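Below you'll find the structure, written out as C-alpha cells, and then a few comments.
Number of protein chains: 2
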Amino acid sequence: MELEEARLKFIEAWGRLGSEWGINRTMAQVHALLLISPEALTTEDVMEQLSISRGNANMNLRDLIGWGLIEKQHRPGERKEYFFADKDTWNIARQVAKERKKRELDPVIKLLNELSEIKGDDKSKEAKVFKTTVKDINKLAKNVNKTLETMLKAEESWFWGSMFKLLK
Amino acid sequence: MELEEARLKFIEAWGRLGSEWGINRTMAQVHALLLISPEALTTEDVMEQLSISRGNANMNLRDLIGWGLIEKQHRPGERKEYFFADKDTWNIARQVAKERKKRELDPVIKLLNELSEIKGDDKSKEAKVFKTTVKDINKLAKNVNKTLETMLKAEESWFWGSMFKLLK
DNA sequence: TTGTTGATTCAGTAATATTTGAAAGATCAG
DNA sequence: CTGATCTTTCAAATATTACTGAATCAACAA
Chain A
4 MELEEARLKF IEAWGRLGSE WGINRTMAQV HALLLISPEA LTTEDVMEQL SISRGNANMN
64 LRDLIGWGLI EKQHRPGERK EYFFADKDTW NIARQVAKER KKRELDPVIK LLNELSEIKG
124 DDKSKEAKVF KTTVKDINKL AKNVNKTLET MLKAEESWFW GSMFKLLK
Chain B
4 MELEEARLKF IEAWGRLGSE WGINRTMAQV HALLLISPEA LTTEDVMEQL SISRGNANMN
64 LRDLIGWGLI EKQHRPGERK EYFFADKDTW NIARQVAKER KKRELDPVIK LLNELSEIKG
124 DDKSKEAKVF KTTVKDINKL AKNVNKTLET MLKAEESWFW GSMFKLLK
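Protein chains in written order, with the working numbering: chain A, 4 to 171; chain B, 4 to 171.
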C-alpha cells in the first residue's frame, strides 16, 4: 500500500469512528489529518486536503481547540494561523475522556441523583422498580466516574501496567 | 418530584445520552422505558407510551434484541409478543461494550494493522510521522481491547474492586 | 486612511438519519 | 380456505445535522 492511499484510509476510518461515537465526522477527519502531518497546517491546507469549505474548516478547527486536541501556532512575521495536533495518544485519550465526562457523564449523574430522591410511594411496583433501576445505574455511573478520574490523573505506563495486573 | 415526571425525565435523559454516543435516540428511549417497566410490554404499549409509530417501535425493539439488551417473551395462549429488558446494569454495560467492540473497535484494529505494514520509505518525514502515529494508536487500541476483554469476562464486584485498588 | 490578508459568522442549502404508515407477510383458529 | 390478529418491510416524508460561500470583521502595512 502506498503512503498516500494509507493516509486517505486512515483519515476516512478516523472520521467513521468519530461519527459512530457521536463526534462530527469532519472534525474527526481534520484531527486525523493533523495527526499524520509532520508540520502544522493552515486553514487553507486543511480545506484543500479534505475538500471542505473555509467555514467548515474554521469551525472544526476551533472545535478541536475546544476539545483540547489541537493548538494554534503563530509564526513571527506571518499573519496566517497554523494548527498542529498533540500526537501523544495517551494525552488524546485523556483529553477526550475528560471532555466527554464533563459534557455528558457529569450532567447524567446530577440528574440520576435528583431522580433518586423521588418521594417513596413504595407500595406501587412501578415506583419500586423505578427507584431500584435508577439507584443501580447511578452506582454504575459513579464507578465509571471514579475510574475516569483515576485515568485522568494517571501516567500511561502506570495505568496500563495496573490494568494488566488484573488480566492474569 | 412525582413518579410520572421522573419517568419521563429518565427516558428523555437516556435518549439524549444515547444520541450523544452514536446510538439512535428512540432506541435508547425504548430501552429506558423497558428498564423502568415492572412488566414486559407489547409493541402497542411502547408505541403509546413513547408516541411513536408501529414501524418505529418494531424496528427499535428488534435492534435492542440484536444488541442483547432486551428479550421477547411469549405468553401461552397469546399471539402478542412481550418484551422485557435485562435490568442488571453490569450485564447492560458488558453487553454494550461487547457489541461496540465487535462492530467498531475490532474493524479499526484490523485496519490499523494493515496500515502498519505500509512499505517503509522512511526518508520522508511524512512517512515517518504516519508510521509512528499509526503504531501508537494501534498500541492504544490494543490496550483498550485487552481491557475490554477482561471486563467482558469479569464479575462486577471483582472488576470494580480491582479498579479501586488502583485508586488509593 | 486605504488596501490586503486572513479569520469569523450565519442564512440558506445539502446531506444524513429517522420516522411514518400502508401494504405485505405470518400465524393461527374455525 | 377465510378472517382475525399481529409482525415486518420499505418507499416516501420529515426531522436533524452538517456544510457552503459570501458578507463581515479584525489586524496590519503602506
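We put the beta carbon where it would ideally sit given N, CA and C, even for glycine. If you're wondering where the values come from, they're calculated on a predicted model, not measured in any experiment.
If you measure from the beta carbon of residue i to each beta carbon in chain A, is any gap under 7 Å?
{"i": "B:W70", "result": "no"}
{"i": "B:L114", "result": "yes"}
{"i": "B:E74", "result": "no"}
{"i": "B:K104", "result": "no"}
{"i": "B:S165", "result": "yes"}
{"i": "B:A43", "result": "no"}
{"i": "B:K101", "result": "no"}
{"i": "B:G25", "result": "yes"}
What residues are listed by DSSP as bridge partners for residue i?
{"i": "A:L44", "result": "A:F86"}
{"i": "A:E74", "result": "A:F87"}
Of all the CB atoms in chain B, is at least one closer than 7 Å to the CB of residue i?
{"i": "A:F133", "result": "yes"}
{"i": "A:A60", "result": "no"}
{"i": "A:L169", "result": "yes"}
{"i": "A:L118", "result": "yes"}
{"i": "A:E107", "result": "yes"}
{"i": "A:K126", "result": "no"}
For the putative contact between residue i and residue j, defined by C-beta atoms under 8 Å, what is the C-beta separation to the nearest angstrom?
{"i": "A:K90", "j": "A:L38", "result": "6 Å"}
{"i": "A:K12", "j": "B:L114", "result": "7 Å"}
{"i": "A:L20", "j": "B:E107", "result": "6 Å"}
{"i": "B:G18", "j": "B:A43", "result": "The Cβ separation is near 21 Å, so there is no contact."}
{"i": "A:K64", "j": "A:F86", "result": "Looking at the sequence itself, residue 64 of chain A is Leu, so the reference to Lys does not match. Rounded, the Cβ-Cβ distance is 6 Å, consistent with contact."}
{"i": "A:G25", "j": "B:G80", "result": "That belief does not hold up - the Cβ atoms of A:G25 and B:G80 are roughly 44 Å apart, past 8 Å."}
{"i": "B:K134", "j": "B:I112", "result": "Wrong, their Cβ atoms sit about 17 Å apart, outside the cutoff."}
{"i": "A:R28", "j": "A:T46", "result": "Actually they are not in contact, since the Cβ atoms of A:R28 and A:T46 sit about 18 Å apart, beyond 8 Å."}
{"i": "A:T92", "j": "B:L143", "result": "4 Å"}
{"i": "B:A9", "j": "A:I121", "result": "5 Å"}
Requested in this report: Assess, as a yes-or-no matter, whether the segment 162-169 of chain B is touched by the segment 119-129 of chain B under the definition of 3 or more beta carbon pairs within less than 8 Å.
Outcome: no
Report task. With 8 Å as the C-beta to C-beta threshold (strictly closer), list the residues of the segment 136-153 of chain A near chain B in chain order. Result -> T136, V137, D139, I140, K142, L143, N146, K149, T150, T153
Requested in this report: Output, in sequence order along the chain, the residues in the segment 84-95 of chain B whose CB is closer than 7 Å to any CB in chain A.
Outcome: Look at the segment 84-95 of chain B: the residues with a C-beta under 7 Å from a C-beta of chain A are K90, T92.
**Report entry** Residues from the segment 28-39 of chain A in contact with chain B, defined by Cβ distance under 8 Å
**Finding:** L38, I39
Report task. Count the C-beta pairs between the segment 144-161 of chain A and the segment 86-101 of chain A that are closer than 8 Å, then say yes if the count reaches three, no if not. Result -> Segments in contact, yes.
Requested in this report: Could you say if the segment 64-73 of chain B and the segment 156-166 of chain A meet the contact criterion of at least three C-beta pairs nearer than 8 Å?
Outcome: no
Query raised in the report: Taking Cβ-Cβ distances below 8 Å as the criterion, which residues of the segment 5-22 of chain B are in contact with chain A?
Result: E5, L6, A9, R10, K12, F13, A16, L20, S22
Requested in this report: Please list the residues of the segment 44-56 of chain B that have a C-beta atom closer than 9 Å to any C-beta atom in chain A, keeping them in chain order.
Outcome: none
Requested in this report: Specify whether the segment 49-62 of chain B and the segment 132-141 of chain A touch according to this definition: at least 3 beta carbon pairs, one from each stretch, less than 8 Å apart.
Outcome: no
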